[in-house]
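Okay, so here's the structure we're looking at.
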Amino acid sequence: MKNIFKDLEKKKVLIAISYALFSIFLVGNFIFFISKTSTSSFVPSVFFSEGYDNEPIANVGTFITDADENVESSIISFLNDLYDTRNESFTTGNVEELYKFYDTSQTFSCYSLNHEFKRIAYLRDWANERDVTFKNIESIPKIKALKIKDNTYNLTLSEEYKFDYIYNNVPEKVNSFGVSLIHTLELKEFGKSFIVTKDYYQDCFEGGLEGYNFNLTEKNIPLTKFKTYNLNFNIDDSTEYSGIYNRKAAVDYANKYSGVSLSTNLNNTYNSNYYTYVAGSGNSTNFISQCLADNIEGGGLSQDKDWSYKYTVSKGVMASDTWVNSEKLLDYLLSSNKAFVSFSGTFDEILKNMSSSNDKIKIGDLIMYKYGDYIEHSAIITGFDNFGYPLVNSNSIDKYKIPFDLGWKNSSCEFYVVSLR
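For reference, each letter of the sequence shown is one residue, going 1 to 421 in the UniProt record's numbering.
Next up, the structure:
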């Protein structure tokens, strides 16, 4: 060994290489962990974070939360103007008035505006293919935290939407759904008002935006999809209690803790008896497991050693992989014979299969979403609109009675309708 390390410089090099390899090992394992739920039997809550006010967001830093009320009022006024204009663009396709809210000389601001154009295009195409018209869209901004430096304002902001839509052949019946988004927003002073320089958020429409491109010279966003689907869903809206799974209670739970105040007309939050998971695939499967299993307010589906959420003084919260991971929850429900897959495939394939099947979609059943090789999201069916379209609730991006495929690219996503026994 003395001969090997005779040269001091060689020794230093070897030590440096060892530290570097060890650091790479640690970073690699950390990245692997946060990108995928642990394969161990239980996932300790210490590896996850509770979101701000029970919202599924990570800690975004220290903010000045007692900022001057006049500043906050001015910001809210600006955002109301921006969102009203954007929401009008959803219904008309005209985007001329949106440019004034963004600094198109800056890359980040252009990115944010371009993203809004994509959302407008996608929602209008989605509606056109289903012979749907959005009659009114409104959103309410609420400042969660604010940091001010010079003439720059960094905000954590919630934006809660309410969408009202009709089927064109039944215009008197209005359907509504809600979504809550969390923005990381940067504004700068511009004259006597503000201008958006950055706006990042996890978008409820993200999965459907692929293929839309704009150069920010557009005045109107044209429709590009004209296929009209023959919507014919096999549904059963009864909530008869089987003695094993209480569908009505599960749906009531999903509505109460959806995170969208539209569902209760209150400042809706998550159930504080459970942790909010923000790593891996987020809180969606944790929320679905709660809906199914909570024996006080939820569906009361029995837990066991393979699927459980528990708390002990010594270890804190311990959730099984099957409780927090969509793919593993599906495997568990099927292998335990608590559920079966009644329909699966792309949106087109599901519609086709329903036309020749006696199986029905029921309130309290689940929808799971597969992109590529992985099931990455789960939701619970909480109702049907007047055309029988299945509506779902979910967390991570908080959704209340939203059409189940809205925000998912039909040709890329496979839907699994999971029927509880």
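Where a beta carbon is used, it is the ideal one built from N, C-alpha and C, also for glycine.
From Ser-89 to Tyr-83, what distance separates their C-alpha atoms?
As a first step, residue 89 must be located in the sequence shown, where it is residue number 89. As a first step, residue 83 must be located in the sequence shown, where it is residue number 83. Cα to Cα, the separation comes out at about 10 Å.
CB Ile-363 to CB Thr-239, shorter than 7 Å?
Looking up residue 363 in the sequence shown gives position 363. Looking up residue 239 in the sequence shown gives position 239. Result yes, Cβ atoms of Ile-363 and Thr-239 sit closer than 7 Å.
Is the CB-CB distance between Lys-198 and Asn-386 below 7 Å?
Within the sequence shown, the letter at position 198 stands for residue 198. Within the sequence shown, the letter at position 386 stands for residue 386. Note that the C-beta distance between Lys-198 and Asn-386 is not below 7 Å.
On the DSSP bridge assignment, give the partners of Pro-141 in chain order.
For the purposes of this step, residue 141 is identified with residue 141 of the sequence shown, where counting begins at 1. In DSSP, Pro-141 forms a bridge with Glu-159.
Would you identify the three-state DSSP class for Val-418, choosing helix, strand or coil?
Here residue 418 corresponds to residue number 418 of the sequence shown, with the count starting at 1. Three-state DSSP puts Val-418 in a strand.
May I ask you to list the residues that DSSP assigns as paired with Met-354?
Against the sequence shown, residue 354 aligns to sequence position 354. Per DSSP, none; premise fails for Met-354.
Assuming Lys-248 is part of the alpha helix (DSSP H), what are its boundary residues?
Along the sequence shown, one-based indexing puts residue 248 at 248. Per DSSP, the unbroken alpha helix (DSSP H) holding Lys-248 starts and ends at 247-256.
Could you round the C-beta distance between Glu-116 and Ser-139 to whole angstroms and report it? I think they count as a contact, below 8 Å.
Numbered from 1 along the sequence shown, position 116 holds the residue referred to as residue 116. Numbered from 1 along the sequence shown, position 139 holds the residue referred to as residue 139. Actually they do not touch by this definition, with Cβ atoms about 12 Å apart.
Considering only their Cβ atoms, is the gap separating Val-196 from Phe-101 smaller than 7 Å?
Residue mapping note: residue 101 aligns to position 101 of the sequence shown, counting from 1. Residue mapping note: residue 196 aligns to position 196 of the sequence shown, counting from 1. For Phe-101 and Val-196, yes; Cβs fall inside 7 Å.
Sub-7 Å separation of Lys-409 and Glu-210 beta-carbons
Stepping through the sequence shown from its first residue, residue 409 is reached at position 409. Stepping through the sequence shown from its first residue, residue 210 is reached at position 210. Contact flag set, yes.
Selection from Glu-97, Ser-412, Tyr-111 and Leu-351 that minimises the alpha carbon distance to Ile-235
Indexing the sequence shown from 1 puts residue 235 at position 235. With respect to the C-alpha of Ile-235, the residue from Glu-97, Ser-412, Tyr-111 and Leu-351 having the closest C-alpha is Leu-351.
For Thr-85, I'd like the list of residues in its chain whose CB is within less than 8 Å of its CB, leaving aside the five on either flank, ordered along the chain.
Indexing the sequence shown from 1 puts residue 85 at position 85. So the list reads Glu-97, Leu-98 and Phe-101, once near-sequence residues are dropped.
Output yes or no for whether 7 Å exceeds the beta carbon distance between Ile-381 and Val-392.
In the sequence shown, counting from the first residue as 1, residue 381 sits at position 381. In the sequence shown, counting from the first residue as 1, residue 392 sits at position 392. Yes, these two residues count as a Cβ contact at 7 Å.
Cα separation between Asn-255 and Ser-105?
Looking up residue 255 in the sequence shown gives position 255. Looking up residue 105 in the sequence shown gives position 105. Their Cα atoms are separated by approximately 43 Å.
Does the distance from the C-beta atom of Val-251 to that of Ser-342 stay below 7 Å?
Position 251 of the sequence shown, counting from 1, holds the residue named residue 251. Position 342 of the sequence shown, counting from 1, holds the residue named residue 342. No. Outside cutoff.
Ser-342 (DSSP reduced to helix, strand or coil)
Working through the sequence shown from its first residue, we reach residue 342 at position 342. DSSP places Ser-342 in strand when its eight states are reduced to three.
Taking its Cβ as the centre, do 16 or more other Cβ atoms sit within 10 Å of Leu-146, making it buried, or is it exposed?
Residue mapping note: residue 146 aligns to position 146 of the sequence shown, counting from 1. When all chains shown are included, Leu-146 counts as buried.
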